[in-house]
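Residue numbers (the UniProt record's numbering), protein chains in the order written: chain A, 1 to 200; chain B, 1 to 456.
Okay, structure first, notes after.
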């Protein structure tokens with residue numbers, strides 16, 4: 001598989017996204033659900049809401065958005081928590097929660113397999129899930145992960161191995177109408193380089 | 001008795017958000033069952049369709065039983081064995097009811113239902129001795145393999161236990177552990193490239209089949225759906241392998257069954273188990289073939305084609321050759337970024353802070369009302385600071401970077417606070433001051449932690 005990808009990359013003379021696919025409405029219980037696959041990385045999103053708020057989290061002027069990221073093995077740890085927060089902030093920027101005050105929207109993301117660029121896959125799954133649930137959104141968004149290899153070349157949608165070799169990994173969430181950056185997170189050190197972000 | 005049985009089955013779910021079943025619906029379902037009709041058109045002894053799909057990783061599969069869906073993943077680790085069993089590997093099973101599966105499920109809560117299901121899985125897979133634990137021993141008394149099976153319920157449409165038991169045994173059969181060699185004291189674990197990983201030795205495949213009883217056992221239904229589970233009086237679960245050996249049998253709900261009923265159920269189980277085992281073996285064989293021939297495998301292949309709710313795209317090339325020129329262009333076109341950095345603020349000698357002091361929200365991830373309010377402000381400020389750079393000008397980071405400042409971008413939440421190297425201050429004062437600052441911040445953090453706990 002990896003060899004195949006490298007061939008395509010070589011042919012393109014630059015970067016390439018792995019084949020991606022998406023299926024919506026595959027679960028019967030959630031109000032919205034979507035599976036998003038980027039290469040061998042896949043994330044399943046299930047969404048409930050707008051529904052009754054549990055406990056004392058209720059907000060008088062808008063909907064509460066809760067994001068849960070479940071790893072495949074073991075219990076969610078600090079990395080999952082920090083990703084949950086990033087995802088929540090991204091979704092909050094897009095969901096028109098003001099239209100559903102005093103309700104809760106719960107977005108559960110389940111990692112099905114991780115083969116690199118997991119966060120961007122989560123972002124994409126979240127967007128497709130929100131879309132399937134029919135929630136009012138101000139725009140769509142997508143996630144792109146870029147890795148900078150030691151030579152400074154940009155790799156889009158890196159695999160696990162490419163991520164390990166990379167000098168820096170940058171993940172962006174970009175909205176659809178103006179291609180503005182909704183969220184960005186970086187790992188490693190980088191300088192002038194700019195992630196070229198083309199929404200898929 | 002009926003009342004107690006009824007009370008026990010819904011109370012095993014948190015009554016929080018789960019929608020209750022109306023009396024009207026309950027009566028309708030029971031009437032239908034009395035007439036030997038089921039809501040989904042099945043006959044009393046019909047099992048729903050079972051579909052098995054494998055992930056790209058070894059030991060990963062999704063089992064669909066009708067609309068019920070369970071994800072299984074097996075992983076392994078070298079650990080010291082238990083003291084009383086020095087030559088046996090360790091098996092660990094964990095079923096999780098993800099909040100994705102039903103709105104009533106809460107993450108990380110040990111409900112009565114969850115404990116019951118986990119116990120049944122354990123009895124079905126561990127106590128039936130279907131996995132040879134002695135073959136998992138590497139060095140007696142020192143190193144053994146721990147096999148961990150994680151099961152996640154993704155969609156709850158009844159009969160979780162059957163779906164979970166199928167997913168569990170399929171994942172265990174699909175799993176390959178790394179090969180090891182022992183030479184004297186030395187244990188070498190081989191990567192998949194060096195030596196082919198080895199499968200677990202599995203003696204037989206126990207599979208659970210559930211029966212729901214209505215009207216004190218007068219009516220019987222195989223593979224109950226979620227609705228049927230809500231109105232049933234009692235449940236009988238039989239775990240059996242294809243050799244017709246009963247591995248586990250459990251009756252719950254407080255109904256009394258006659259011998260004939262149990263015998264009839266075990267006969268039905270034998271038929272169902274034979275069918276399911278055949279299906280599992282076919283699925284495993286298919287996957288093995290595809291992997292051997294180097295074809296495509298993984299979840300992407302199990303997504304149906306030609307469906308309106310699905311979309312596939314092949315590998316897409318993105319031209320990044322002139323990205324830097326483009327970036328340059330954007331920078332030159334963009335308005336000069338507003339001055340984000342104020343003057344560095346000196347708290348104590350040896351430290352400096354840029355920008356407004358922002359309360360660090362790291363470590364306060366659990367939400368409570370107070371936190372929420374703080375976060376909202378803190379976040380909007382924090383993100384304003386961060387995102388402004390990215391979003392409104394999209395270039396300020398570049399600008400910074402261009403100046404070649406020693407700023408390290410990291411994904412930690414503490415990005416806003418940048419400690420600069422002091423230049424004019426005497427060096428000997430530095431470490432002390434830094435230590436002090438660190439201590440105080442740590443203390444503050446601990447204090448907040450404690451406060452949080454008190455709130456909880």
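No residue lacks a Cβ here, since even glycine has one placed at the ideal position from N, Cα and C.
Would you tell me roughly how many angstroms separate the C-alpha atoms of residue i and residue j, rounded to the nearest one?
i                     : j                     : result
residue 385 (chain B) : residue 184 (chain B) : Legend: pLDDT at residue 385 (chain B) = 48, less than 50; position of this residue unreliable, value from coordinates given subsequently. Cα to Cα, the separation comes out at about 59 Å.
residue 243 (chain B) : residue 174 (chain B) : 21 Å
residue 148 (chain A) : residue 95 (chain B)  : 39 Å
residue 116 (chain B) : residue 167 (chain B) : 17 Å
residue 75 (chain A)  : residue 137 (chain A) : 31 Å
residue 86 (chain B)  : residue 188 (chain A) : 44 Å
residue 236 (chain B) : residue 112 (chain B) : 17 Å
residue 92 (chain A)  : residue 170 (chain B) : 39 Å
residue 15 (chain A)  : residue 31 (chain A)  : 36 Å
residue 255 (chain B) : residue 218 (chain B) : 11 Å
residue 163 (chain B) : residue 24 (chain A)  : 22 Å
residue 181 (chain B) : residue 188 (chain B) : 5 Å
residue 105 (chain A) : residue 52 (chain A)  : 9 Å
residue 73 (chain B)  : residue 310 (chain B) : 25 Å
residue 158 (chain A) : residue 19 (chain A)  : 12 Å
residue 54 (chain B)  : residue 175 (chain A) : 33 Å
residue 229 (chain B) : residue 267 (chain B) : 22 Å
residue 118 (chain A) : residue 160 (chain B) : 28 Å
residue 113 (chain A) : residue 73 (chain A)  : 10 Å
residue 23 (chain B)  : residue 307 (chain B) : 38 Å
residue 132 (chain A) : residue 34 (chain A)  : 7 Å
residue 49 (chain A)  : residue 67 (chain B)  : 20 Å
residue 21 (chain B)  : residue 42 (chain B)  : 21 Å
residue 103 (chain A) : residue 17 (chain A)  : 37 Å
residue 83 (chain B)  : residue 286 (chain B) : 41 Å
residue 100 (chain B) : residue 348 (chain B) : 49 Å
residue 318 (chain B) : residue 283 (chain B) : 37 Å
residue 59 (chain B)  : residue 148 (chain B) : 10 Å
residue 65 (chain B)  : residue 29 (chain A)  : 14 Å
Count the other CB atoms within 10 Å of the CB of residue i; is the residue buried (16 or more) or exposed (fewer)?
i                     : result
residue 108 (chain B) : exposed
residue 55 (chain A)  : exposed
residue 70 (chain A)  : buried
residue 98 (chain B)  : buried
residue 253 (chain B) : buried
residue 111 (chain A) : buried
residue 304 (chain B) : exposed
residue 263 (chain B) : exposed
residue 312 (chain B) : exposed
residue 132 (chain B) : exposed
residue 19 (chain B)  : exposed
residue 124 (chain A) : buried
residue 184 (chain A) : buried
residue 276 (chain B) : buried
residue 398 (chain B) : Only weak support exists for where residue 398 (chain B) lies, its pLDDT of 43 falling under 50; the value from the coordinates is given anyway. It is buried - the Cβ of residue 398 (chain B) has at least 16 other Cβ atoms within 10 Å.
residue 65 (chain A)  : buried
Using only alpha-carbon positions, find the residue among the options that is nearest to residue i.
i                     : options                       : result
residue 241 (chain B) : B:204, B:219 and B:330        : B:204
residue 160 (chain A) : A:107, A:170, A:116 and A:152 : A:116
residue 81 (chain B)  : B:75, B:90, B:73 and B:56     : B:90
residue 464 (chain B) : B:221, B:293, B:198 and B:350 : Any property of residue 464 (chain B) remains undetermined from this structure, which presents chain B solely from 1 to 456.
residue 30 (chain B)  : B:59, B:276 and B:214         : B:214
residue 150 (chain B) : B:67, B:93 and B:289          : B:93
residue 76 (chain B)  : B:83, B:64 and B:57           : B:57
residue 155 (chain B) : B:63, B:231 and B:333         : B:63
residue 25 (chain B)  : B:226, B:153 and B:350        : B:226
### Query
Are the region 298-315 of chain B and the region 37-47 of chain A touching by the rule of at least three beta carbon pairs closer than 8 Å?
yes
### Any 3 or more C-beta pairs closer than 8 Å across the region 47-65 of chain A and the region 96-104 of chain A
yes
### Query
Three or more C-beta pairs closer than 8 Å, one from the region 182-196 of chain B and one from the region 115-134 of chain B: is that the case here?
no
### Query
Is it a yes or a no for the region 25-36 of chain B touching the region 46-58 of chain B, going by three-plus beta-carbon pairs under 8 Å?
no
### Query
Along the region 273-306 of chain B, what residues have a CB closer than 7 Å to any CB found in chain A?
298, 299, 300 and 303
### Query
Given a limit of 9 Å on CB to CB distance, which residues of the region 88-112 of chain B reach chain A?
94, 96, 98, 99, 100, 101, 102, 103, 106, 107 and 108
### Query
Which residues, in order along the region 92-126 of chain A, keep a beta-carbon less than 7 Å from a beta-carbon of chain B?
106, 108, 110, 112, 113 and 115
### Message
Could you check whether the region 207-226 of chain B touches the region 245-256 of chain B, counting it as contact only if at least three pairs of C-beta atoms, one from each stretch, sit closer than 8 Å?
### Response
yes
### Query
Going along the chain, which residues of the region 12-30 of chain A sit with their C-beta nearer than 9 Å to a C-beta in chain B?
12, 13, 14, 15, 16, 17, 18, 19, 20, 21, 22, 23, 24, 25, 26, 27, 28, 29 and 30
### Task
Say whether the region 165-181 of chain A touches the region 138-145 of chain A, bearing in mind that this needs 3 or more beta-carbon pairs closer than 8 Å, one atom from each stretch.
yes
### Query
Given a limit of 7 Å on CB to CB distance, which residues of the region 156-182 of chain B reach chain A?
156 and 157
### Contact residues within the UniProt domain "Exoribonuclease phosphorolytic" (204-268) of chain B, judged by C-beta distance below 9 Å to chain A
226
### Query
Taking any Cβ of chain B, which residues in the region 154-180 of chain A have a Cβ under 7 Å from it, in chain order?
154, 156 and 180
### Query
What residues in the region 132-150 of chain B bring their beta carbon closer than 8 Å to a beta carbon of chain A?
148 and 150
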